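Mapping of the sequence shown onto my numbering: residues 25 to 248, in sequence order.
Read through the structure below, which is laid out as C-alpha cells, and then see the notes.
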Amino acid sequence: MENKGIAELFSSIAQRYNLLNHILSLGLDFHWRAKTIKEISPEKHEKILDICAGTGDLSALALKYGAKPLALDLSYSMLKIARKRLKNLPVVLGNALRLPFRERSFDAAVMGFGLRNLKDPASGIREAYRVLRPGGRLAILEFSPEPSWFLRPFYMLYLKKLVPLLGGLITGKREAYLHLSHSIESFLKPREVIELMERTGFSVNYFKLTMGTVVLYIGKKEEQ
Ligand SMILES: C[S@@+](CC[C@H](N)C(=O)[O-])C[C@H]1O[C@@H](n2cnc3c(N)ncnc32)[C@H](O)[C@@H]1O
25 MENKGIAELF SSIAQRYNLL NHILSLGLDF HWRAKTIKEI SPEKHEKILD
75 ICAGTGDLSA LALKYGAKPL ALDLSYSMLK IARKRLKNLP VVLGNALRLP
125 FRERSFDAAV MGFGLRNLKD PASGIREAYR VLRPGGRLAI LEFSPEPSWF
175 LRPFYMLYLK KLVPLLGGLI TGKREAYLHL SHSIESFLKP REVIELMERT
225 GFSVNYFKLT MGTVVLYIGK KEEQ
C-alpha cells in the first residue's frame with residue numbers, strides 16, 4: 025500500500041486505535057510495550073526516536089524513564105492524539121523510509137508494530153541505523169506470521185475472522201482490520217527480519233513473546 029493510503033487507513037481508525045489494541049490483544053500489548061522499553065533501558069535524557077509512533081504508547085513509556093522521546097509518524101491524526109495525551113512530546117509528521125534527521129542524532133530508536141506497514145522494511149531498518157549514534161539501540165516490536173505450531177490454526181482463525189469482525193464492529197472500518205490481518209500473514213518471518221537487521225550492521229538479540237505471536241528484536245549498532 026502507498027504511503028498516502030497507509031496514512032489514511034491509520035487516520036481513519038485513530039480515535040479507537042488504542043482501545044482496539046487492548047481488546048484484540050486481550051491486554052497483552054501493555055506487557056509487549058513495557059518489555060520493549062525495558063530492553064533498550066533508556067537512561068535519563070537519552071534521545072529516543074519513536075518511529076511509526078502512532079498515538080505515542082512507546083514514547084509515553086520512554087518518558088517514564090526520564091528519556092526524551094520524539095514521535096514520528098505518517099498520520100497526522102495519530103500524532104494529534106499522541107500530542108493530546110503527552111503535552112510535551114515533540115512530534116514530527118514524516119516518513120520512516122526517509123527520516124528527516126542527521127546521522128547519529130539518537131541514542132536509541134523504537135518501532136512498535138510499524139515495520140510490517142513499511143513498503144520497504146530493509147530501508148526502514150537502514151534509516152534507523154543511520155540516525156543512531158555508534159552503540160545506539162533499536163527495538164522493533166512486531167507480529168510474526170509464525171507463532172508456535174500448536175497455536176497456528178487458532179491464530180489464523182483469529183486473524184482472519186475475529187479481528188476484522190471486532191475491528192469492524194467497534195470502528196466501522198472493517199477493511200482497516202482486514203489489512204491488519206493480511207499484513208501479519210504476509211509479513212517477514214523472524215529469521216528474515218533478523219537477517220535484514222544483521223545485514224544493516226546491527227548485532228541482534230530477540231525475544232518471542234506470547235507463544236511467538238509477537239517478536240521483539242533488539243539491535244545494537246557497533247561502537248566506533
Ligand atoms: C500499527 S500502528 C503502531 C503505532 C504505535 N507504534 C504502537 O505501538 O501502537 C503503525 C503506525 O505506523 C505508521 N506508519 C506506517 N507507515 C509509515 C511510514 N512509512 N512512516 C512513518 N509512519 C508510518 C502508521 O501511520 C501508524 O500510525
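The beta carbon of each residue, even a glycine, is placed where N, CA and C say it ideally should be.
What you are looking at is a predicted structure, and each value in this text was computed from that prediction instead of being measured.
| Query | Result |
| --- | --- |
| If you draw a straight line from the alpha carbon of residue 160 to that of residue 73, how long is it in whole angstroms? | 11 Å |
| Leaving aside the five residues before and after residue 149 along the sequence, list all residues of the same chain whose C-beta is less than 7 Å from its C-beta, in chain order. | 220, 221 and 224 |
| With DSSP as the reference, label residue 160 as helix, strand or coil. | strand |
| Within 10 Å of its beta-carbon, does residue 51 have 16 or more other beta-carbons around it, so buried, or fewer, so exposed? | exposed |
| Report whether the distance from the Cβ of residue 120 to the nearest heavy atom of ligand 1 is below 6 Å. | yes |
| Check whether the Cβ of residue 51 lies closer than 6 Å to any heavy atom of ligand 1, and answer yes or no. | no |
| Which same chain residues, not among the five before or five after residue 87, have their C-beta less than 7 Å away from its C-beta? | 93 and 110 |
| Go ahead and label residue 29 buried or exposed: buried means 16 or more other beta carbons lie within 10 angstroms of its beta carbon, across all protein chains shown. | exposed |
| Are the region 208 to 219 and the region 126 to 134 touching by the rule of at least three beta carbon pairs closer than 8 Å? | no |
| Can you give me the Cβ contacts of residue 192 inside the same chain, cut-off strictly under 7 Å, excluding the 5 residues immediately before and after it? | 198 and 201 |
| Report the option in 162, 248 and 58 whose CA atom is closest to the CA atom of residue 75. | 162 |
| Got a sec? Which residues, its chain only, sit under 7 Å from residue 14 by beta carbon, not counting five neighbours each side? | Residue numbering for the chain in the displayed model covers 25 to 248; residue 14 lies beyond these limits and cannot be assessed. |
| Nearer than 6 Å: is that true of the beta carbon of residue 30 relative to any heavy atom of ligand 1? | yes |
| Looking only at C-alpha atoms, which of 60, 78 and 91 sits nearest to residue 71? | 91 |
| The alpha helix (DSSP H) with residue 188 in it runs from where to where? | 187 to 195 |
| Pop quiz: residue 80 and residue 95 are said to be a contact at Cβ under 8 Å. What is the actual Cβ separation, rounded to whole angstroms? | 5 Å |
| With respect to the beta strand (DSSP E) encompassing residue 93, which residues constitute its N-terminal and C-terminal limits? | 92 to 97 |
| How many whole angstroms separate the CB atoms of residue 165 and residue 118, which I take to be in contact at a CB cut-off of 8 Å? | The Cβ separation is near 20 Å, so there is no contact. |
| Rounded to whole angstroms, what's the CA-CA distance from residue 144 to residue 121? Just pull it up for me. | 8 Å |
| May I ask you to report which of helix, strand or coil DSSP gives residue 249? | Since the first residue of the chain shown is 25 and the last is 248, residue 249 is not available in this structure. |
| DSSP state of residue 221, grouped into three classes? | helix |
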